[in-house]
Amino acid sequence: MVLEKSTRAGEGSRAICLARRSLEILDWIGVAERFVSKGLGWTRGHAFHGAHPIHELCMPHSDAEKFFPMTNLQQYYMEEFLAQHCARQEAIELRWGNELVGIQPEPDGVQLRVATTAGMYQTSCSWLLAADGARSPARRLLQLPLCGSSFAGRYLIADIRLRSSYPTERRAWFDPPSNPGSTVLMHRQPEDIWRIDYQLQEHDDDRRESEPHRVRERVQRHLDFIGEHGEWELLWTSIYRAHSLALESYVHGHVLFAGDAAHLVPIFGVRGLNSGLADAQNVAWKLAWVLRGDAPERLLHSYSSERRNATLDIHRQAEKSTRFMTPSSLGERLMRAAVLSLASRHEFVRPLIDPRQSVPYTYAGSELNTPEEAAAGLEAFRSGPAPGAPLHNLRIRGHSGPGYLLERLGTGFTVLLFLPGKWTGAHAECLEQLRAVTRLDSRGELRLLVLTGAPPAERDSSEYVELLQDVAGVAPQIYDARPGTVYLARPDGHVCARWRAATVRDVGVGLCRACTVI
Ligand SMILES: Cc1cc2nc3c(=O)[nH]c(=O)nc-3n(C[C@H](O)[C@H](O)[C@H](O)COP(=O)(O)OP(=O)(O)OC[C@H]3O[C@@H](n4cnc5c(N)ncnc54)[C@H](O)[C@@H]3O)c2cc1C
Numbered sequence: 005m006v007l008e009k010s011t012r013a014g015e016g017s018r019a020i021c022l023a024r025r026s027l028e029i030l031d032w033i034g035v036a037e038r039f040v041s042k043g044l045g046w047t048r049g050h051a052f053h054g055a056h057p058i059h060e061l062c063m064p065h066s067d068a069e070k071f072f073p074m075t076n077l078q079q080y081y082m083e084e085f086l087a088q089h090c091a092r093q094e095a096i097e098l099r100w101g102n103e104l105v106g107i108q109p110e111p112d113g114v115q116l117r118v119a120t121t122a123g124m125y126q127t128s129c130s131w132l133l134a135a136d137g138a139r140s141p142a143r144r145l146l147q148l149p150l151c152g153s154s155f156a157g158r159y160l161i162a163d164i165r166l167r168s169s170y171p172t173e174r175r176a177w178f179d180p181p182s183n184p185g186s187t188v189l190m191h192r193q194p195e196d197i198w199r200i201d202y203q204l205q206e207h208d209d210d211r212r213e214s215e216p217h218r219v220r221e222r223v224q225r226h227l228d229f230i231g232e233h234g235e236w237e238l239l240w241t242s243i244y245r246a247h248s249l250a251l252e253s254y255v256h257g258h259v260l261f262a263g264d265a266a267h268l269v270p271i272f273g274v275r276g277l278n279s280g281l282a283d284a285q286n287v288a289w290k291l292a293w294v295l296r297g298d299a300p301e302r303l304l305h306s307y308s309s310e311r312r313n314a315t316l317d318i319h320r321q322a323e324k325s326t327r328f329m330t331p332s333s334l335g336e337r338l339m340r341a342a343v344l345s346l347a348s349r350h351e352f353v354r355p356l357i358d359p360r361q362s363v364p365y366t367y368a369g370s371e372l373n374t375p376e377e378a379a380a381g382l383e384a385f386r387s388g389p390a391p392g393a394p395l396h397n398l399r400i401r402g403h404s405g406p407g408y409l410l411e412r413l414g415t416g417f418t419v420l421l422f423l424p425g426k427w428t429g430a431h432a433e434c435l436e437q438l439r440a441v442t443r444l445d446s447r448g449e450l451r452l453l454v455l456t457g458a459p460p461a462e463r464d465s466s467e468y469v470e471l472l473q474d475v476a477g478v479a480p481q482i483y484d485a486r487p488g489t490v491y492l493a494r495p496d497g498h499v500c501a502r503w504r505a506a507t508v509r510d511v512g513v514g515l516c517r518a519c520t521v522i
């Protein structure tokens with residue numbers, strides 16, 4: 005059951021940049037296609053000091069990837085698409101116009117009080133996932149404080165409609181002639197909508213700066229400066245302040261916190277919504293395993309430690325960007341001025357201008373990981389996704405046709421067995437030895453995916469064992485794989501163990517550890 009106090013999805017204008025990892029998560033639940041067909045993918049960005057280019061942002065992209073590193077789409081579309089997807093799921097009951105107003109924690113669950121226009125009612129649940137936003141009433145009702153820091157700098161966010169042929173990329177101007185002393189960011193959104201964010205100065209008054217005529221004046225100056233002379237229309241304005249705040253724990257009894265309710269992160273580097281989706285993916289399988297009795301409640305504590313560590317890492321990254329984007333002390337202002345003046349001539353300072361865009365987090369120290377031990381006579385891993393990191397995508401061909409590796413993950417654990425090169429008797433033997441791993445899971449959710457260099461034959465695949473051809477032959481390099489290398493991935497696609505050679509017992513122990521059963 006989902007309680008939502010609003011009566012419809014998507015009010016206001018907030019996030020626009022969706023990271024590749026988020027699209028992979030949305031693809032996992034079968035909804036990414038709508039986001040991609042409506043969104044605008046991009047890989048590049050440019051930073052200017054005044055009118056001079058000083059840095060080019062290039063995000064890694066290759067044909068092993070299904071999605072662009074970033075896709076711009078208005079958050080109101082994202083919410084609408086997800087609400088429509090929920091409406092199609094029999095298992096989800098989405099109650100619009102239902103506001104959570106009371107929480108009574110019980111030893112085995114939570115009693116809830118809910119307000120609607122038709123009156124108040126009581127209900128209960130085994131677990132409450134509070135994803136009720138930055139001002140989280142659930143957090144307030146349980147009197148849980150956020151810890152961290154808030155920044156003094158402010159940005160005015162303006163969405164405008166403007167026809168322009170400029171490509172989709174991130175542009176940042178530091179101290180542009182259109183807004184001296186300020187920083188201006190510009191992003192394209194679908195439907196000829198452009199996001200223009202500009203930094204407000206300390207002496208600027210929020211109310212005065214938000215007046216439409218004042219916003220129009222500042223935006224017009226910027227459009228004139230960059231040579232955009234078309235008609236335009238102001239659609240939305242708001243003022244934004246950066247915060248690096250988080251709960252000490254995301255699990256309180258039977259109440260779990262996710263998204264902005266659990267943590268606030270600065271928008272520079274576009275991580276708020278993106279990390280909320282990673283929270284959802286992390287907690288979803290753990291809740292399912294605990295509710296079905298396949299794992300102890302302790303598994304949910306790993307949700308808190310893994311995702312809180314991810315938040316703290318985001319805070320470290322985003323605070324550096326925020327201090328650069330909204331310097332508030334004399335030292336920070338001097339540092340920024342020095343970096344900007346050196347950047348056009350000296351490459352070594354350019355990384356300081358980089359917006360440190362959202363990247364997937366590796367749960368490196370997680371208790372769910374099986375530590376890597378180099379077995380006697382076998383080479384240690386030098387690269388590839390280490391335990392805690394998400395699986396990398398690859399172009400594959402199965403017997404049903406071409407696709408991408410991550411599309412083949414199911415709702416359970418996945419064993420990836422690498423048998424590069426041509427299919428031989430030795431390969432068949434190795435596969436046969438590991439085929440029994442699928443029986444480790446009585447529900448039959450565990451999948452064995454075998455990556456080979458040869459086109460797969462249908463007879464070798466079954467419902468839970470699939471042979472996939474590594475089309476571009478890059479798996480050995482991307483996964484540092486040799487014949488017989490095995491990766492074990494959790495249902496959220498994060499690696500929890502890998503071996504140069506694994507027995508069914510190794511996989512079974514790795515699986516139990518990842519479910520906190522041992
Ligand atoms: C200007 C701006 C730009 C941003 N740009 C980006 C970006 O490019 N990329 C990015 O990743 N992030 C971005 N963010 C951050 C992103 O918008 C948030 O992190 C994201 O919306 C958080 O999602 P959430 O579901 O946790 O909370 P919300 O989106 O706030 O959703 C909370 C929901 O809970 C409901 N609710 C509240 N109280 C109750 C109650 N008592 N009972 C029932 N329901 C309730 C609300 O109605 C709402 O639907 C941006 C934010 C801003 C402000």
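Residues 5 to 522 (our numbering) make up the sequence shown, in order. Built from N, CA and C at the ideal position, the CB exists for glycine as well. All values reported here derive from a predicted model rather than from experimental measurement.
Less than 8 Å separates the beta-carbon of residue 75 from that of residue 44.
Within the segment 127 to 197, complete beta strand (DSSP E) segments of at least 3 residues are found at 132 to 134, 151 to 166, 174 to 178, 187 to 193, given in chain order.
Selection 227, 36, 246, 50 evaluated against residue 238 yields 227 as nearest (Cα-Cα). Per DSSP, reduced to three states, the secondary structure at residue 122 is coil, with no helix or strand assignment. With a cutoff of 8 Å on beta-carbon distance, residue 158 and residue 204 are scored as near each other. The DSSP-derived three-state label of residue 267 is strand. In this structure, residue 105 lies away from residue 92, with their beta-carbon atoms at least 8 Å apart.
Secondary-structure assignment with DSSP links residue 33 through no beta bridge to anything. If you draw a straight line from the Cα of residue 349 to the Cα of residue 341, it comes to about 14 Å. Listed in chain order, the non-local C-beta contacts of residue 49 below 6 Å within the same chain comprise 61, 173, 174, local neighbours out to five positions each way being set aside. Around residue 235, the same chain offers no residue with a beta carbon nearer than 7 Å, after the five sequence neighbours per side are excluded.
Relative to ligand 1, residue 55 has its C-beta separated by 7 Å or more from all heavy atoms. Around the beta-carbon of residue 170, fewer than 16 other beta-carbon atoms lie within 10 Å, marking it exposed.
The secondary-structure analysis by DSSP pairs residue 76 across a beta bridge with 21, 44. One thing to note: residue 453 has its Cβ within 8 Å of the Cβ of residue 418. In the structure shown, the three-state DSSP call for residue 207 is coil. If you compare the alpha carbons of 440, 6, 492, 478 with that of residue 469, the shortest gap goes to 440. Here residue 18 is buried. Its C-beta has 16 or more other C-beta atoms within 10 Å.
Our two residues, residue 372 and residue 32, have alpha carbons roughly 21 Å apart in a direct line. Contact holds between the segment 484 to 495 and the segment 388 to 408, because three or more Cβ pairs, one in each stretch, are under 8 Å apart. The C-alpha of residue 272 is placed about 8 Å away from the C-alpha of residue 329. If only complete runs of 4 or more residues are kept, the segment 435 to 522 shows the alpha helix (DSSP H) at 479 to 482, 508 to 518, in order along the chain.
Pairwise C-beta distances place the segment 120 to 132 out of contact with the segment 82 to 89, as fewer than three of them are shorter than 8 Å.
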